[in-house]
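S.K.:
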Amino acid sequence: MSSYPQTRLRRPRQQDWSRRLVCEQKLSVNDLIWPIFVCPGTNKREPIDSMPGVFRYSLDELAPAVKEAVELGIPAVALFPATPPDKKSSDGEEAYNPDNLMCSAIRVLKNLNLNLGIIADVALDPYTTHGQDGLVRDGYVVNDESVNVLCRQAVTQAEAGCDLIAPSDMMDGRIGAIRQALDAAGFENVLIMSYAAKYASAFYGPFRDAVGSAGSLGSGDKRTYQMDPANSDEAMREVAFDLEEGADFVMVKPGMPYLDIIRRIHDQFQVPTFAYQVSGEYAMMMGAIERGWLDRDKTMLESLIAFKRAGASGILTYFAVEAARLLQQQ
Ligand code: PBG
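The letter at position 176 of the sequence shown is residue 175 when you use numbering that gives the first Met the number 0, and the numbering goes up by one with no holes.
(1) Report yes or no: do three or more beta-carbon pairs, one from the stretch 97-108 and one from the stretch 77-86, lie closer than 8 Å?
(2) By the DSSP assignment, the beta strand (DSSP E) with residue 23 in it spans what residues?
(3) Relative to the alpha-carbon of residue 88, which residue among 281, 199 and 123 has its alpha-carbon at the smallest distance?
(4) To the nearest whole angstrom, what separates the beta carbons of residue 153 and residue 180, a pair I think is in contact under 8 Å?
(5) Excluding the 5 residues preceding and the 5 following residue 11 in the sequence, name in chain order all residues of the same chain whose CB lies nearer than 8 Å to its CB.
(6) Check residue 170 in the structure and name its three-state DSSP category.
(7) For residue 389, which residues does DSSP report across the bridge?
(8) Starting from residue 276, trace the beta strand (DSSP E) both ways and give me its first and last residue.
(9) Rounded to the nearest angstrom, what separates residue 244 and residue 281 at their Cα positions?
(10) Start and end of the alpha helix (DSSP H) containing residue 250?
(11) May I ask you to report which of helix, strand or coil DSSP gives residue 262?
(12) I want to know whether the stretch 309-317 touches the stretch 24-36 - three or more CB-CB distances under 8 Å.
(13) With distances taken Cα to Cα, identify the nearest neighbour of residue 107 among 73, 269, 61 and 295.
(14) Residue range of the alpha helix (DSSP H) that residue 304 falls in?
(15) Taking buried to mean at least 16 other C-beta atoms within 10 Å of its own C-beta, is residue 231 buried or exposed?
(16) Below 8 Å on the Cβ atoms is my contact criterion, and I expect residue 320 with residue 68 to pass it. Report the Cβ-Cβ distance as a whole number of Å.
(17) Here's the rule: buried if 16 or more other CB atoms are within 10 angstroms of the residue's CB, otherwise exposed. What is residue 168?
(18) Rounded to the nearest angstrom, what separates residue 72 and residue 63 at their Cα positions?
(19) Does DSSP put residue 221 in a helix, a strand or coil?
(20) If we ignore side chains and look at the alpha-carbon of each, how far apart do residue 224 and residue 120 end up?
(21) If I'm right that residue 125 touches residue 65 with Cβ under 8 Å, what's the distance once you round it to whole angstroms?
(22) What's the gap between the Cα of residue 137 and the Cα of residue 222?
(23) What does DSSP give as the partner residue(s) for residue 46 in the beta ladder?
(24) Are residue 278 and residue 198 close, meaning C-beta to C-beta below 8 Å?
(25) In this structure, does DSSP put residue 316 in helix, strand or coil?
(26) Cα separation between residue 111 and residue 161?
(27) Report yes if the C-beta distance between residue 82 and residue 59 is below 8 Å; otherwise report no.
(28) According to DSSP, is residue 231 part of a helix, a strand, or is it coil?
(29) Just the C-alpha distance for residue 129 and residue 248, rounded to the nearest angstrom, thanks.
(30) What are the complete beta strand (DSSP E) segments, minimum 3 residues, inside the stretch 115-161?
(31) Just to check, is the beta-carbon of residue 120 closer than 7 Å to a non-hydrogen atom of the ligand PBG?
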């Protein structure tokens, strides 16, 4: 009797054909959502220091960039506005100005008549001088009053023509309130993807540079509304409430440090669950890639397939266009 194993898991790993046969997950362009930053002005494609390869697009530059993404097969884009400082205020009224940058960007994309989902973020941080996602009263981000404003923001964005509202603010009860507000305004077919489990994370730094909210937030943080990175059961409660309140999809954010949360949600709720590979994850990988410490294409694809393996239906990623190009070549 040989002491060697009868079952050898390396046997199917020997050749490309058998590796392909036993492959469990596949990343497709249909899994990708591209987050895009928009800025005022014309003829602008501004680089973002902490996110090499990512740009802020002025409205006229947005159309060609998005058309290319759609040609590659990317199903949806998520818009984020870099609001000029003179349009910011302590209560963020610009958030529900129908002619703000966000709504203008939505209209530009809508008018292209593409086979494309247009996702609008709901939260006040791009519009407030303090950089918080809600209204601040006596130093506290108040819940219910903020939710009223977020509803107004969501309806304004739906009126501009967005297909999906993505509340990223983490106020309690906002999904139900936004659902009601949308329905009452005749937008019962506009979808909601809730940032259900959004953590108070250090990985949002480069995003705050990109939309220009970093300076506003200063040394402040969002721990009175975003979740503690130590918690997992609490994420299940957040998801349960958001689904009860009418969320169509839920999202986990950040992505890679929270794969366990995606897996738990997928197993417990069987609902479309999305992952946001956030700015800090992108910056971290690109930093190493630019130094030649990591291989760009392999790192990108491995980081994305991990979300599929964890159970995600799709991924918001700044790599979307590059990944789509790579997938096309495969
Ligand atoms: C704000 C918002 C943030 C992100 C998306 N929406 C940042 C924050 O909560 O401070 C982060 C995305 C990223 O880091 O890529 N409502």
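Using N, Cα and C, we set each Cβ at its ideal position, and we do this for glycine too. Predicted, not measured: the structure shown is a model, and the values here were computed from it.
M.R.: On the basis of the data shown:
(1) Yes, since at least three Cβ pairs between the stretch 97-108 and the stretch 77-86 fall closer than 8 Å, the two stretches touch.
(2) That residue, residue 23, is in no beta strand (DSSP E); it is neither H nor E in DSSP.
(3) Residue 88 has its Cα closest to that of 123, out of 281, 199 and 123.
(4) The pair is a contact, with the Cβ atoms about 6 Å apart (cut-off 8 Å).
(5) Excluding positions up to five away in sequence, the list reads 17, 18, 20 and 21.
(6) It is coil, neither helix nor strand.
(7) With the chain running from 0 to 329 in the structure shown, residue 389 is simply not present.
(8) Per DSSP, residue 276 belongs to the beta strand (DSSP E) from 272-276.
(9) If you take the alpha carbons of residue 244 and residue 281, they lie about 32 Å apart.
(10) From DSSP, residue 250 is part of no alpha helix (DSSP H) but of the beta strand (DSSP E) over 248-252.
(11) The answer is helix: DSSP assigns residue 262 an H, G or I state.
(12) The way I'd put it, the stretch 309-317 does touch the stretch 24-36; three or more beta-carbon pairs between them come closer than 8 Å.
(13) Per the Cα distances, 61.
(14) Here the alpha helix (DSSP H) through residue 304 covers 295-309.
(15) Answer is exposed; the Cβ neighbour count stays below 16.
(16) So it is a contact: roughly 6 Å between Cβ atoms.
(17) Residue burial is scored here from C-beta neighbours: residue 168 has at least 16 other C-beta atoms within 10 angstroms and is therefore classed as buried.
(18) Distance between the alpha carbons of residue 72 and residue 63: 14 Å.
(19) Residue state, collapsed to three classes: coil.
(20) Between residue 224 and residue 120, the C-alpha separation is close to 17 Å.
(21) Their Cβ separation, rounded to whole angstroms, is 19 Å, which puts residue 125 and residue 65 out of contact at 8 Å.
(22) C-alpha separation (whole angstroms): 16 Å.
(23) Partner residues in the beta bridge of residue 46, as assigned by DSSP, are 54.
(24) Result no, Cβ atoms of residue 278 and residue 198 do not sit closer than 8 Å.
(25) In the three-state reduction of the DSSP assignment, residue 316 falls in the strand class, which pools E and B.
(26) So the alpha carbons of these two residues sit roughly 13 Å apart.
(27) Their beta carbons are not under 8 Å apart, which means residue 82 does not touch residue 59 by this criterion.
(28) In the displayed model, residue 231 falls within coil according to three-state DSSP, outside both helix and strand.
(29) The alpha-carbon of residue 129 is positioned some 29 Å away from that of residue 248.
(30) Those beta strand (DSSP E) runs which fall completely within the stretch 115-161 and span 3+ residues are 116-121.
(31) Checking the Cβ of residue 120 against the ligand PBG gives yes.
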